[in-house]
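**Q**
Numbering (my numbering), first residue to last: 89 to 798.
(1) Under the assumption that residue 254 contacts residue 358 (Cβ atoms under 8 Å), give the Cβ distance between them as a whole number of angstroms.
(2) On a Cα-Cα basis, can you pick out the residue from 637, 633, 290, 665 that is closest to residue 652?
(3) May I ask you to list the residues that DSSP assigns as paired with residue 145?
(4) What's the C-alpha gap between residue 527 and residue 676?
(5) Tell me the DSSP secondary structure of residue 217 in three-state form.
(6) Comparing alpha-carbon positions, which option in 225, 96, 444, 352 lies nearest residue 334?
(7) Between the alpha carbons of residue 445 and residue 436, how many angstroms are there, rounded?
(8) Going by other Cβ atoms of all chains shown within 10 Å of its Cβ, with 16 needed for buried, is residue 661 buried or exposed?
(9) Might you give, ordered along the chain, the residues of its own chain that have their beta carbon closer than 8 Å to the beta carbon of residue 201, omitting 5 neighbours on each side?
(10) Nearest-angstrom Cα distance between residue 393 and residue 342?
(11) Less than 8 Å between the CB atoms is what I'm expecting for residue 326 and residue 237, so what's the real figure, rounded?
(12) Please classify residue 156 as buried or exposed, where buried requires at least 16 other C-beta atoms within 10 Å of its C-beta.
(13) State the DSSP-derived secondary structure class of residue 386, mapped to helix, strand or coil.
(14) Who pairs with residue 826 in a beta bridge, going by DSSP?
(15) Taking 7 Å as the threshold (C-beta atoms), are residue 164 and residue 208 in contact?
(16) What's the call for residue 243, buried or exposed, on a 16-neighbour Cβ count within 10 Å?
(17) Beta carbon of residue 302, beta carbon of residue 122: below 7 Å?
(18) Leaving aside the five residues before and after residue 109 along the sequence, list all residues of the same chain whose C-beta is less than 7 Å from its C-beta, in chain order.
(19) Among 748, 336, 229, which residue has its Cα nearest to the Cα of residue 147?
(20) Between the Cα of residue 355 and those of 401, 116, 409, 425, spot the shortest distance and give me the residue it belongs to.
(21) Count the other C-beta atoms from every protein chain shown that fall within 10 angstroms of the C-beta of residue 438, then say buried if there are 16 or more, exposed otherwise.
(22) Which residue wins for smallest C-alpha separation from residue 247, given the options 338, 151, 397?
(23) Would you tell me roughly how many angstroms separate the C-alpha atoms of residue 749 and residue 630, rounded to the nearest one?
(24) Quick check for students: name the residue ranges of the beta strand (DSSP E) that lie wholly in the stretch 413 to 444, counting only runs of 3 or more.
(25) So what's residue 690 in DSSP terms, helix, strand or just coil?
(26) Starting from the C-beta of residue 646, find all residues in its chain whose C-beta is less than 6 Å away, skip the five residues before and the five after it, and write them out in chain order.
(27) Return the CA-CA distance between residue 685 and residue 626, expressed in angstroms with no decimal places.
(28) Determine the DSSP secondary structure at residue 311, reduced to helix, strand or coil.
(29) Whole angstroms are fine: how far does the CA of residue 318 sit from the CA of residue 433?
(30) Buried or exposed: residue 241, going by 16 or more other Cβ atoms within 10 Å of its Cβ?
(31) Just the Cα atoms here: how many angstroms apart are residue 361 and residue 663?
(32) Rounded to whole angstroms, what's the CA-CA distance from residue 137 to residue 214? Just pull it up for me.
(33) Which of the three DSSP states is assigned to residue 701 in this structure?
(34) Assuming residue 233 contacts residue 150 (C-beta within less than 8 Å), just tell me the rounded distance between them.
(35) Please confirm whether residue 419 and residue 426 have their CB atoms less than 7 Å apart.
(36) Would you give the residue range spanned by the beta strand (DSSP E) that residue 745 belongs to?
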């Protein structure tokens with residue numbers, strides 16, 4: 089231990105490690121203060137009204153009870169009544185039935201309560217979440233734990249400090265040609281090797297522990313870390329549906345252990361490379377390569393399944409899970425997979441330690457043995473490097489198994505009474521043998537009551553996203569966004585939103601090539617939510633006349649477009665093509681938030697597929713847009729009414745004849761002529777759905793299901 093103490097003294101004093109540590113602490117404090125305060129993951133609505141939220145949480149904090157449910161519901165009802173009273177007074181004031189004094193008095197009475205409306209809505213959302221599993225979900229102030237766990241990610245500064253502090257431990261002797269001298273001294277050889285490794289590992293571990301302590305203290309100062317003993321699932325923003333039954337503080341302690349393992353692993357790797365390379369520059373380059381290259385070649389979901397120093401140095405992904413871009417969901421690691429990864433990492437650390445020791449001692453017999461057994465050791469190392477780790481996806485239900493087949497109009501599940509099938513990647517339930525009584529469906533394992541509450545549904549890959557009504561006993565219907573994994577049946581709530589009136593239903597076609605075309609009929613124009621799609625961690629809602637972007641991470645909303653005139657637009661390649669209120673076609677880029685005019689013609693309808701946009705104009709021509717613009721006329725037609733893959737269906741000027749064509753518009757085919765004016769048209773597989781008015785009465789409509797080629 090005396091020799092190890094001397095090596096620690098060399099690192100801290102002679103090589104100015106203590107100065108590095110002080111600089112590191114100051115830099116971490118500055119960076120942590122800035123990072124935690126400006127974190128995009130915290131719930132800013134809480135911070136904007138923190139005083140009132142704190143008062144509410146003094147009553148609510150802790151396990152859920154019936155009294156807390158009544159308390160939150162009463163607050164919510166008070167807000168609704170205050171809004172109704174305020175609206176009623178405004179209407180009476182406009183009609184001249186109420187004077188200014190009554191108007192101002194009512195406004196003042198409602199103002200204080202309504203100023204906390206956003207906080208009360210958050211509490212109502214939290215109530216719904218906790219009520220699903222009250223044993224594992226407590227009332228908690230989330231921002232502190234969100235800030236702490238999100239701030240403990242990959243830190244380049246920590247990696248640099250470990251590299252600078254540990255790199256000279258062995259390399260300095262090789263640079264000065266003192267390695268052979270050290271081998272011949274009484275304190276040299278194995279004792280010196282073990283002492284130096286211990287000193288380097290301790291330095292790296294202390295730096296990591298100091299960093300986590302700084303983040304913990306700063307988070308406690310800014311937000312507070314209340315509810316340390318509460319279950320981890322209480323933090324809805326990060327751990328909804330987490331498979332571990334641990335407390336928040338236990339998870340923080342586990343994060344500390346994992347990151348210290350990462351620091352020790354990194355230090356051991358650097359020192360092993362020093363012994364093998366024997367040159368400072370070569371060791372430094374290889375160390376940076378081994379640590380940084382995995383960040384560029386592996387996705388997060390793969391990185392945390394491999395026993396790499398980088399994985400553990402990052403650390404928090406083992407606990408917070410990783411974002412799955414393919415499914416748009418957060419995937420959590422099972423406790424068993426984390427234990428496996430840790431175990432294999434410790435074995436690899438032991439092998440690194442032994443291999444460097446053999447190299448340092450220059451044991452000739454063992455070196456010859458290693459040379460003969462080299463290929464076998466390489467294979468064994470590769471087997472250790474690829475652990476059988478599994479990613480655990482959220483599962484809130486245990487449904488019966490169902491067979492999922494990709495394709496068009498394929499039967500997925502059938503009984504004597506009904507058939508579940510997929511039509512253009514949209515789920516339907518219909519009476520067996522009939523299309524006329526089809527029912528929009530998202531969850532094949534739900535009850536009939538659930539079907540009635542499903543609003544909108546669409547499938548991307550193996551994930552079925554659907555909006556579901558909640559609080560249906562109230563006038564203002566709220567919604568939840570669900571993600572249903574079709575292969576396993578696991579169902580996860582991604583977002584809850586309230587105070588958005590949802591009065592109708594519709595479906596969207598979600599294609600693999602990320603091209604989405606939305607068209608809603610005239611009867612649906614007044615619905616608050618016409619449709620939605622999910623893309624790269626965001627929910628996009630077509631609500632009213634707006635396109636709204638909602639983060640799946642924290643539920644924050646942002647209005648992207650507020651001047652859509654017609655309920656018909658195209659989402660393709662990260663762009664939204666839409667008709668504005670001046671009947672012109674515009675393109676909105678989601679990445680740079682820029683709007684570009686595509687056509688100043690009077691546009692009637694728009695569709696898109698395979699990097700092509702097709703629109704019809706008031707001049708009774710159909711135009712094809714391909715970058716670079718402008719567009720060119722490719723055919724004649726009054727109104728494009730439907731698109732399926734590379735085929736478009738459109739009316740002629742009499743509004744009674746429907747043609748089918750490809751995007752070139754050169755091979756058109758008349759498929760239907762109606763003796764009445766058509767109101768709506770759509771296609772389901774080999775069937776077309778025709779809606780018309782037989783007697784010119786808009787309140788009297790009829791719908792027919794006919795074969796396309798009839």
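The beta-carbon is built from N, C-alpha and C at its ideal position, and this holds for glycine as well.
**A** Let me lay it out:
(1) Their Cβ separation, rounded to whole angstroms, is 5 Å, which keeps residue 254 and residue 358 in contact under 8 Å.
(2) Residue 633 holds the alpha-carbon nearest to the alpha-carbon of residue 652 among 637, 633, 290, 665.
(3) DSSP lists no partner for residue 145.
(4) In this predicted model, residue 527 has a pLDDT of only 40, less than 50, meaning its place in the structure is not dependable; the value taken from the coordinates is given anyway. For residue 527 and residue 676, the distance between alpha carbons rounds to 34 Å.
(5) Secondary structure at residue 217: helix, using DSSP grouped into helix, strand and coil.
(6) Comparing Cα-Cα distances from residue 334 to each of 225, 96, 444, 352, the minimum goes to 225.
(7) Between residue 445 and residue 436, the C-alpha separation is close to 14 Å.
(8) So residue 661 counts as exposed.
(9) These residues qualify, in order along the chain: 166, 167, 170.
(10) Between residue 393 and residue 342, the C-alpha separation is close to 17 Å.
(11) In this structure residue 326 touches residue 237 by the C-beta definition: roughly 6 Å separates them, less than 8 Å.
(12) It counts as buried.
(13) Here residue 386 sits in coil by DSSP.
(14) For residue 826 there is no data in the structure shown, the boundaries of the chain being 89 and 798.
(15) Yes; because the gap between Cβ atoms is below 7 Å, this pair is in contact.
(16) Buried, because 16 or more other Cβ atoms sit within 10 Å of the Cβ of residue 243.
(17) Contact flag unset, no.
(18) Close CB contacts of residue 109 within its chain, under the 7 Å cut and outside five residues either way in sequence, are with 295 (chain order).
(19) A check of alpha carbon separations from residue 147 across 748, 336, 229 identifies 229 as the nearest.
(20) Ranking 401, 116, 409, 425 by Cα distance to residue 355 puts 401 first.
(21) Around the beta-carbon of residue 438, fewer than 16 other beta-carbon atoms lie within 10 Å, marking it exposed.
(22) Per the Cα distances, 397.
(23) Per the coordinates, the alpha-carbon of residue 749 lies some 28 Å from the alpha-carbon of residue 630.
(24) Listed in chain order, they are 417 to 421.
(25) Coil.
(26) Only 637 meet the Cβ criterion.
(27) Approximately 25 Å between the Cα atoms of the pair.
(28) Coil.
(29) Residue 433 and residue 318: Cα-Cα distance of roughly 30 Å.
(30) Exposed, by the Cβ-count rule.
(31) Distance from the CA atom of residue 361 to the CA atom of residue 663, rounded to whole angstroms, is 48 Å.
(32) The alpha-carbon atoms of residue 137 and residue 214 are separated by roughly 16 Å.
(33) Reduced to three states, the DSSP call for residue 701 is strand.
(34) Taking C-beta atoms under 8 Å as the contact rule, residue 233 and residue 150 fail to qualify, at a distance of about 15 Å.
(35) The answer is no: Cβ separation not under 7 Å.
(36) Residues 745 to 750.
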